[in-house]
Amino acid sequence: MVYIVHNKDDLDQQLTLAEDKLVVIDFYADWCGPCKIIAQKLEELAEQYSDRVVVLKVNVDKNEDITVEYKVNSMPTFVFIKGGDVLELLVGSNIDKLAKLMEEHAGDYTCSIEDILDTDDESIADENAACSDSDNVNGNDNTNDNNNDNDDDGDVIFCDVSAHDEDAVLEH
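Going letter by letter, the sequence shown gives residues 1 to 172 in UniProt numbering.
Pasting the structure below:
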């Protein structure tokens, strides 16, 4: 089951209730296309790992204080927390990477960021669709500093956090 966080106090309570389970916080927006795409898969993962993982969703438009606290600039962003410590951030809608990180962090062993990044996968930013406030969908020709090294032929989709327009999607 996925729990929708309503405010900072609610988040703090859910983190306390999680005890020693892995907590995955999904920062999303209702207007973010990639967030909508991954939502059903996230529900399935939450059910699959329900004995070891608590999945929380934070709407960035309704919970700006939480969004700022976790320094979220792109959506979807997944924050992995265990024992009150932030373990990892995943930006974008790569369901395979999300599932892999859930398994790794919910399991009995721990791994370093180097272990996770030392895979055959392209960098998380390159292979994921994400919504980012550093892109501009209002007609300006700005580039996303987080993804300037995208040298594959695939499209990466971004949404401007300030646009709040469901049709505000660019392909790079």
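Even for Gly, the Cβ is constructed at its ideal location relative to N, Cα and C.
Sequence-distant residues of its chain with Cβ nearer than 8 Å to residue i (five each side left out)
{"i": "Tyr3", "result": "Gln14, Val54, Val55, Leu56, Lys57"}
{"i": "Thr67", "result": "Phe27, Val58, Val60"}
{"i": "residue 211", "result": "Because residue 211 is not part of the residues shown, which for the chain are 1 to 172, the question remains open."}
Cβ-based burial, residue i [other Cβ within 10 Å; buried from 16]
{"i": "Gly33", "result": "buried"}
{"i": "Thr16", "result": "exposed"}
{"i": "Val23", "result": "buried"}
{"i": "Gly83", "result": "exposed"}
{"i": "Asp141", "result": "Confidence at Asp141 is low in this model, with a pLDDT of 39, below 50, so the placement of that residue is unreliable and no value is reported for it."}
Contact check, residue i vs residue j, beta carbons under 8 Å
{"i": "Glu106", "j": "Leu45", "result": "Going by the sequence as given, residue 106 is Ala instead of Glu. Not in contact: Ala106 and Leu45 (Cβ atoms no closer than 8 Å)."}
{"i": "Leu42", "j": "Asp26", "result": "yes"}
{"i": "residue 177", "j": "Met102", "result": "As displayed, the chain neither begins before 1 nor continues past 172, which places residue 177 out of reach and without an answer."}
{"i": "Phe78", "j": "Leu87", "result": "no"}
{"i": "Arg52", "j": "Lys97", "result": "no"}
{"i": "residue 173", "j": "Asn73", "result": "This structure cannot settle anything about residue 173, because the visible part of the chain is limited to 1 through 172."}
First through last residue of the alpha helix (DSSP H) which encompasses residue i
{"i": "Val91", "result": "Careful: Val91 lies outside any alpha helix (DSSP H), inside the beta strand (DSSP E) at 85-91."}
{"i": "Asp26", "result": "Per DSSP, Asp26 belongs to no alpha helix (DSSP H); it is in the beta strand (DSSP E), 22-28."}
{"i": "Val68", "result": "64-69"}
{"i": "Gly33", "result": "33-48"}
{"i": "Met102", "result": "95-106"}
{"i": "Asp10", "result": "8-17"}
Beta-carbon contacts of residue i that lie in its chain and below 7 Å, excluding the five residues immediately before and after
{"i": "Lys8", "result": "Asp65, Ile66"}
{"i": "Ile95", "result": "Ile38, Lys41"}
N- and C-terminal bounds of the beta strand (DSSP E) containing residue i
{"i": "Val79", "result": "77-82"}
{"i": "residue 261", "result": "No answer is possible for residue 261: it lies beyond the span of the chain, which begins at 1 and ends at 172."}
{"i": "Val2", "result": "2-4"}
Same chain, Cβ closer than 6 Å to residue i, neighbours up to 5 away in sequence not counted
{"i": "Tyr70", "result": "Val79"}
{"i": "Ala18", "result": "Val54"}
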